[in-house]
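S.K.: Mind looking over this structure? Questions follow.
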Amino acid sequence: MPRQKQTKGKCAYCGKEFAKTGMARHLKACLARQQVLAEEKGTKDTLFHVQVQGKYRPEYWMHLEMPASITLEKFDAFLRGIWLECCGHLSMFKIHETRYEVLVDPTFDYWGEKPKTMKHKLSKVFYPGLKADYQYDFGSTTPLDVIVIDQREGVPNKAQPIYILSRNDPPDIPCENCGQHQAMRIYTWHDYTALCDECGDASAYDDEGWLPVVNSPRVGECGYTGDDAVDDLF
Ligand SMILES: [Zn+2]
Ligand SMILES: [Zn+2]
Ligand SMILES: [Zn+2]
45 MPRQKQTKGK
55 CAYCGKEFAK
65 TGMARHLKAC
75 LARQQVLAEE
85 KGTKDTLFHV
95 QVQGKYRPEY
105 WMHLEMPASI
115 TLEKFDAFLR
125 GIWLECCGHL
135 SMFKIHETRY
145 EVLVDPTFDY
155 WGEKPKTMKH
165 KLSKVFYPGL
175 KADYQYDFGS
185 TTPLDVIVID
195 QREGVPNKAQ
205 PIYILSRNDP
215 PDIPCENCGQ
225 HQAMRIYTWH
235 DYTALCDECG
245 DASAYDDEGW
255 LPVVNSPRVG
265 ECGYTGDDAV
275 DDLF
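Residue numbers for the sequence shown follow this note's numbering, beginning at 45 and rising by one.
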């Protein structure tokens, strides 16, 4: 499936569009954002600015801000909800050489260092400049880069404690048959053909091998069909 490598996204505060790296710079300078931050009320926490992206699909990215007091487990649940969850696969963060997993079996004879649990708070493991790895599903894996860009003292967003500062617009994936329209489905059971609704045979879409084109680095993997609600996370 042909892919576009660079995508833009909108700033949540002023609506201006930038590519991923430009957005990191913009978020520090955005006047609309500075105004909102100046008027924050409530209990302060350390907040991390974290960039996440598909390791091999970097056109899928998010800039996020999250309290240092949440656990890796909450961050994992957020990533699953918005980008990853298909059938409850295992996942892990790898920070330096240490793995942090949801389920750590105390009786299991792990190869190498025994993993730690995701009950650790971000304040214990994150710091500006950190580049960490994340993986969802150890079979058809979706690997992510997790980059801690910055931190500040501020008030977490009440409605969305993990706040989406910006997220990539869906990349252009043209239909491989007509080249005219956006592809809507991918056939994942052999050749990953991506077709628009005009060129695809609607009845054939009942076949489980067809997956919808969704705005996620897990597009076309396993049975992934799009985001779940993340409202009840906190
Ligand atoms: Zn802005
Ligand atoms: Zn799955
Ligand atoms: Zn087409």
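By construction, the Cβ of each residue, glycine as well, lies at the ideal position given by its N, Cα and C atoms.
A quick note: this is a predicted structure, and the numbers were derived from the prediction, not measured.
For the stretch 61 to 121, which segments carrying the alpha helix (DSSP H) assignment without a break, of at least 4 residues, lie completely within its bounds, in sequence order?
M.R.: 64 to 73, 75 to 82
S.K.: Alpha carbon to alpha carbon, how far is Tyr144 from Arg196?
M.R.: Within the sequence shown, residue 144 is the residue found at index 100, counting from 1. Within the sequence shown, residue 196 is the residue found at index 152, counting from 1. Whole-angstrom Cα-Cα distance: 25 Å.
S.K.: At 4 residues or longer, and completely inside the stretch 198 to 270: list those alpha helix (DSSP H) runs for me, N to C.
M.R.: none
S.K.: Looking at Ile217 and Ala238, is the spacing between their C-beta atoms short of 7 Å?
M.R.: The residue labelled residue 238 in the question sits at position 194 within the sequence shown. The residue labelled residue 217 in the question sits at position 173 within the sequence shown. Yes, Cβ-Cβ distance for Ala238 and Ile217 is below 7 Å.
S.K.: Would you please state the rounded distance, in angstroms, between the beta carbons of Tyr100 and Pro187? I believe it to be under 8 Å.
M.R.: Numbered from its first residue, the sequence shown carries residue 100 at position 56. Numbered from its first residue, the sequence shown carries residue 187 at position 143. Their Cβ separation, rounded to whole angstroms, is 7 Å, which keeps Tyr100 and Pro187 in contact under 8 Å.
S.K.: CA-CA distance, Lys54 and Val258?
M.R.: Residue 54 sits at position 10 when you count from the first residue of the sequence shown. Residue 258 sits at position 214 when you count from the first residue of the sequence shown. Cα to Cα, the separation comes out at about 18 Å.
S.K.: Could you check the C-alpha separation between Thr51 and Phe170 for me, to the nearest Å?
M.R.: By 1-based counting over the sequence shown, the position of residue 51 is 7. By 1-based counting over the sequence shown, the position of residue 170 is 126. So the two alpha carbons sit approximately 27 Å from each other.
S.K.: Look at the alpha carbon of Pro256 and the alpha carbon of Gly270, and state the distance between them as a whole number of angstroms.
M.R.: In the sequence shown, residue 256 corresponds to position 212, counting from 1. In the sequence shown, residue 270 corresponds to position 226, counting from 1. When rounded, the distance between both Cα atoms is 8 Å.
S.K.: Skipping 5 residues on each side, what residues in its chain have a beta carbon closer than 6 Å to that of Ala273?
M.R.: Here residue 273 refers to the residue found at position 229 of the sequence shown. Interpretation of Ala273 is limited by its pLDDT of 46, a score under 50 that renders its predicted location unreliable; no figure is taken from the coordinates.
S.K.: Hey, would you say Leu75 sits closer than 7 Å to Leu209, going by beta carbons?
M.R.: Locating residue 75 in the sequence shown gives position 31, counting from the first residue. Locating residue 209 in the sequence shown gives position 165, counting from the first residue. For the pair Leu75 and Leu209, the CB atoms are not nearer than the 7 Å cut-off.
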